[in-house]
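Chains as they are written, first to last, in this note's numbering: chain R, 62 to 223; chain L, 29 to 817. Glycine is no exception: its CB is placed at the ideal position from the N, C-alpha and C atoms. As the structure is a prediction and not an experimental result, all values here were calculated from the model. Structure first, then comments.
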């Protein structure tokens, strides 16, 4: 019989709000975000931490939220795609994606946007090679990456700071 | 309400209307839907490729926490019908495919039992408690092995493991063979692929208080799913509502009927509560349809000047353990009918066999058959050029059709007709954009320095939007070729368009609006597109075979014209003039040559709904529905060129440039069109260089069972794609479009293979099978060097 794991209380700050939820020890952070908090913009695209659709920011760093248990995130500050624009319009990465047709089905897009934000934070002016390498953790099946790279390059060339 | 400026929107690179919600994380995919009382289904899948099922012990699973129901196939055999294919080539032997296996499993991943529990975790836990006794049988996974006499037999009614025999001939191949200066043969393998939509499949079935059932499913074909679920589960079709919300990619994989599509509706009715199933990625690799999986034997007869006289093809199409939805049509009609490609080859003889094996069912995947067909034509012509040591462009130009040949029936075919095109101009444009001469010289020059670069070319054509309906029956295609659109104008003059097409990321909300806006001449923001709800959309066939603009777009166009025709009648009444004197432009009805004030579309719309002053015989309302059945099919075409560098020491391939010139007829939205090319080309590059489903030939185990093992390319594995277009409007539909979605995945595989073979030509390597992975290239170079030594 499966072991009935004891529930754990996890308190995190998500998109600026403090939330406390009770989870099983085995619950992944991505499922806490999607199921317990109802923030369904963060997606699950695989089960081996390959696709990056679940990427969120934890304490300012892009992390695949399927790679850590919810209990490990206790006390962390998390930004999901829903919090990127702070409830307002699209942020500059999102706007560049729309302008360059850098999304089709949109399923990988939230994770891709989170990774691009991280990439630009670490390197405000990446070369094409650096952009492609920087997005190696995120799979897109629709765009062939071409327009995603163009969207990121458009931000890099301006020399803006993320 | 603003008046349209009258600027034509077809041809404009409008930004997509659907993007904002998707970018903000407000998309709504099936897995995002949560309903009160929703239970979760998990599936126990066969760990064996071929085995008989002895006893199944469900007792531990039934006793597990949160479990509501546990069933094996035996409990369902009389409750849910078998899964019946939707395209059955006449004469095919159709094996019975139960929704859950009962006495025998035939592939790793086949459903054996199910659990319904309160949480998904509980369902997975309980699946692990089901005990099944299997007696393992010999398995066969490879199509060539499966047709050997000694091969394990999968189905009693499919002797020799061949479900379908198909033949197509034109001219006289034997004569061509006799008259040829030379004949060469080659065997090419079209590697098995996994479509890999980023959103896996998911289904939720929910009983409604009124006794009807709503099914949420990521379906490319919602109305087809409604029909199939209704017929197989035994639910009256009118009491079934299928809703396809946002879909995370389809590529063909989401246009088929799968066991889970039937189980959730059945269970939801049995348990009288919503039941959800969501597929893990690893599950997807062993339960969602695969693509390609062909072996082709090709014989080509030619003159020493490079002119091709005849082509002979023998195809083995591996369709997995059962006939999935379209399975008999892929290796047959869709492949060998197109085996002569863009070339004038009058003498043609092709034979194909559809073969069952102990593998995941193979079905439509982006291009379905046409990538395989184009690969036949292109590998053949490239082999001829290489064999004769002639320039690959010259040999192609000698055999390519000319614009004066259209409309063209290859090898006198009765089923295939290329409506329009200009292949020679495509070639010229591609060569110029690529700088073919300059790069050819560069290749030569660098070879002397130990740098191995190569140029690859591939041309392609195919046909989109299977139609007209009356011509589909003889081929065993059990659906129509039409598409429906309802253009409903409200009393303010704004439009809601209900389209039977189904976007999975193509951007129909934008492209269909552009088509409608040009006819209705109202601002695009005054148009809403509704898709993916059988309760709202009157009827439809959905999106596959690159049909959505050619057939779905045309239906919107025709329907919008009917709206304007009726509005013109109403306007004439309001203006008290004869209808024939009224013209419509820039969103207003006018009477040219008079000083009568223009009447806006919105005022006419209001009149249509208040009905105060309508001409005799004109009913109230401004709402037109069209079932548009095309007269023929559009045939897009293109020429792609790739420039690669191969490192013979490591076997790695670097794509330095890729130029795609495509003729997809009228471009609705060039930005979105290029996006389709980029994505398709990269899926084609993936087939050529990276992706291949591997099975252990001894025991039939799936070796590429997750994204850790199956090499979907990342951004750093692929190049920029230079996408250019040529527009030869199709005469088969009113807007002149041909279809675009499949172009890239058809052209890119031969294009890349040719480039790599060109780079490796100094080693005397004439053929390599995809994917051209570093070990495969490295071994070929090593063997070539050893042979030369």
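Counterpart residues of residue i in DSSP-defined beta bridges
i                     : result
residue 217 (chain L) : L:323
residue 751 (chain L) : L:688
residue 71 (chain R)  : R:82
residue 73 (chain L)  : L:139
residue 235 (chain L) : L:241
residue 132 (chain L) : L:80
residue 536 (chain L) : According to DSSP, which records beta bridges pairwise, residue 536 (chain L) is partnered with nothing at all.
residue 269 (chain L) : L:242
residue 210 (chain L) : L:330
residue 379 (chain L) : L:195 and L:342
residue 97 (chain L)  : L:144
residue 336 (chain L) : L:330
Minimum Cβ-Cβ distance from residue i to chain R less than 8 Å
i                     : result
residue 65 (chain L)  : no
residue 700 (chain L) : yes
residue 802 (chain L) : no
residue 137 (chain L) : no
residue 818 (chain L) : Chain L is shown only over 29 to 817; residue 818 (chain L) falls outside these bounds and no answer can be derived.
residue 815 (chain L) : no
residue 666 (chain L) : no
residue 534 (chain L) : yes
residue 277 (chain L) : yes
residue 767 (chain L) : no
Cβ of residue i within 8 Å of any chain L Cβ
i                     : result
residue 208 (chain R) : yes
residue 122 (chain R) : no
residue 134 (chain R) : no
residue 196 (chain R) : yes
residue 127 (chain R) : no
residue 98 (chain R)  : no
residue 71 (chain R)  : no
residue 141 (chain R) : yes
residue 80 (chain R)  : no
residue 151 (chain R) : yes
residue 223 (chain R) : Unreliable positioning characterises residue 223 (chain R) in this predicted model, as indicated by a pLDDT of 39, which lies under 50. A coordinate reading is not provided.
residue 86 (chain R)  : no
residue 193 (chain R) : yes
residue 67 (chain R)  : no
Under 7 Å from the C-beta of residue i: neighbouring residues of chain R
i                     : result
residue 707 (chain L) : 165, 203, 204 and 205
residue 225 (chain L) : 202
residue 703 (chain L) : 162, 165, 204 and 208
Residues that residue i contacts on chain L, provided the C-beta gap is smaller than 7 Å
i                     : result
residue 107 (chain R) : 309 and 735
residue 101 (chain R) : 60
residue 169 (chain R) : 226
Partner residues on chain L for residue i, Cβ-Cβ distance less than 8 Å
i                     : result
residue 174 (chain R) : 51
residue 112 (chain R) : 226, 309 and 735
residue 146 (chain R) : 52
Where residue i meets chain R, residues with beta-carbon distance less than 8 Å
i                     : result
residue 222 (chain L) : Those do not exist, as residue 222 (chain L) stays about 11 Å from chain R at its closest Cβ, beyond 8 Å.
residue 560 (chain L) : Within 8 Å Cβ-Cβ: nothing; residue 560 (chain L) doesn't reach chain R, min ~13 Å.
Residues of the stretch 470–492 of chain L with a CB closer than 9 Å to any CB of chain R: list them in chain order, please. Per Cβ criterion, the list is empty.
Using a Cβ-Cβ cut-off of less than 9 Å, give me the residues of the stretch 32–57 of chain L that come near chain R, in sequence order. Listed by position, the residues of the stretch 32–57 of chain L near chain R (Cβ gap below 9 Å) are 41, 43, 44, 46, 47, 48, 49, 50, 51, 52, 53, 54, 55, 56 and 57.
Short of 9 Å Cβ to Cβ, which residues in the stretch 739–764 of chain L face chain R? 740, 741, 742, 743, 744, 745, 746, 747, 748, 749 and 751
Inside the stretch 169–207 of chain R only - alpha helix (DSSP H) runs reaching at least 4 residues: 170–183 and 189–195
Whole runs of the alpha helix (DSSP H) within the stretch 436–513 of chain L, excluding any shorter than 4 residues: 451–462 and 464–475
Any chance you could list the alpha helix (DSSP H) runs of at least 4 consecutive residues sitting entirely within the stretch 127–159 of chain R, in chain order? 142–145
Output needed in chain order: residues of the stretch 670–682 of chain L with a Cβ under 9 Å from some Cβ in chain R. none
Residues of the stretch 254–281 of chain L whose Cβ lies closer than 9 Å to any Cβ of chain R, in chain order: 274, 275, 276, 277, 278 and 279
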